[in-house]
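Here's the structure we're looking at; comments come further down.
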Amino acid sequence: MAHKVLIAPRKYVQGKNVFQEAGDWIKPLGSKALVLWDKQVKKIVGETFAASFLKSQIELVDVDFKGDSTKKEAARVAGILKESGAGVCIGVGGGKTLDTAKAAAAAVGTRIVTCPTIASNDSPTSSYTVWYDEEGNCMGFESWGVNPDLVLVDTQVVANGPVRAFVAGMGDALGTWVEAEACFQARGPNLAGGTSTMVAMAIARLCFDVLMEHGVEAKRAVENKIVTPSVEKVVEANVLMSGLGFESGGVATAHMVANCLPSFPECHGLMHGHEVGFGVITQLCLDDNKKINEVHSIVDFEVAIGLPVTFREIGLENIDRKRLMKIGEICGGKGSLCENHPFSVTADDIVNAMIAADLLGRERRAAAGLD
Ligand SMILES: [Zn+2]
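Residues 163 to 533, numbered by our numbering, are exactly what the sequence shown covers, in order.
Written as structure tokens, this is what we have:
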């Protein structure tokens, strides 16, 4: 039997206006740091970082992110990192920026710091980079074998950010427990190179409970750009618990379905967490051991926070069985994450579960008086 393995970042710091102290937290890692960010992010937090670095006497190597986490972009950043002699590589922004910074740091062998400005997925704590090609298609993911040295999350910056991204983060985090549980029951592998610990399972479950209890409250607060205790809790669920939970707990059908959606051009406007949100419902519809009340409460939660729960909402209205079979075949194929269930999953099962998910989503939206 495989060993139990848990992995995590070396330090996690979360709080309101914590970016104002970025230098204090980064200084122990090195006194010269490359910062990768896009123009929009730099406009929001650039001065805060620059002032804090100055105070802590950290030299800042400023690099513009070109916008996609491609191997080409990671190689470009790695080149600058090496040439500059900086000992720390810092990604500031969304998942793609952080993933590219992680890849560059791994290539050069520097310390890595992630500073998410939105809580839209669980990339910040993980050892993984999700690769895309130049057209925006997901090309799979790669582990660097090490997690970030430091994760800095400024909850005020997150609360000032787009509500849609915050909601997507809850979608990604919602997968954590249902997928870790499936993996555990199947004695399947996690993404840390072993099987899950009791700690990973407890974190995954807490992630779920925090979302269900505080998700709606937190969304309302973020709509008004305020940081409340619910926002702090949900940011911790979206970033820390979801990150530790998926990596050390394991993933299954919800992520497998989600990872197939970016290959449909109609889905290109969606964020990863929106796709996982629909994947969660698909997985629930696949599993014969789920209580229907529990399934309804999860779908109702997704409806309440505004996650997409129907084909129409993910851009695939009127999709036929033949096109869905493309997803079915990948999911039902060998080596698929759908093997992480205590039952076997065929292409046909996936197609049926997606159709059932759409029907259930429509029914629960109607029950909420939305359509
Ligand atoms: Zn995810």
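Note that CB positions come from ideal geometry on N, CA and C, so glycine has one too.
A check of alpha carbon separations from leucine 198 across Trp187, Lys264, Gly350 and Lys189 identifies Lys264 as the nearest.
Nearest to methionine 516 by alpha-carbon distance, out of Ala269, Val167, His503 and Arg474, is Arg474. Counting only the Cα atoms, valine 225 lies some 33 angstroms from valine 413.
The Cβ atoms of cysteine 369 and alanine 416 lie no closer than 8 angstroms to each other.
For glutamate 491, the CB contacts under 6 angstroms within the same chain, skipping 5 residues up- and downstream, are Ala509 in chain order. Secondary structure remark: continuous alpha helix (DSSP H) runs of at least 4 residues inside the region 438–499, in chain order: 454–467 and 483–494. Counting only the Cα atoms, valine 461 lies some 41 angstroms from valine 239. In the same chain as glutamine 182, and ignoring 5 residues on each side of it, the C-beta atoms closer than 7 angstroms to its own belong to Thr210 and Ser214, in chain order.
Remark: the shortest separation between the CB of valine 438 and any heavy atom of ligand 1 falls under 7 angstroms. Going by C-alpha positions, histidine 165 is about 6 angstroms away from threonine 357. Between glycine 185 and serine 218 the beta-carbon gap is near 3 angstroms, inside 8 angstroms, which marks them as a contact.
Here DSSP, grouped into helix, strand and coil, assigns glycine 257 to helix. Scanning its chain for C-beta atoms nearer than 6 angstroms, with the 5 sequence neighbours on each side dropped, one finds around valine 372 the residues Lys395 and Ala399, in chain order. Secondary structure at phenylalanine 303: strand, using DSSP grouped into helix, strand and coil.
When C-alpha distances from asparagine 421 are compared across Glu409, Cys493 and Ile365, the shortest belongs to Cys493.
About 5 angstroms separates the Cβ atoms of valine 384 and phenylalanine 328, confirming a contact at the 8 angstroms cut-off. For tyrosine 294, the closest alpha carbon among the candidates Gly192, Ser425 and Leu486 is that of Ser425.
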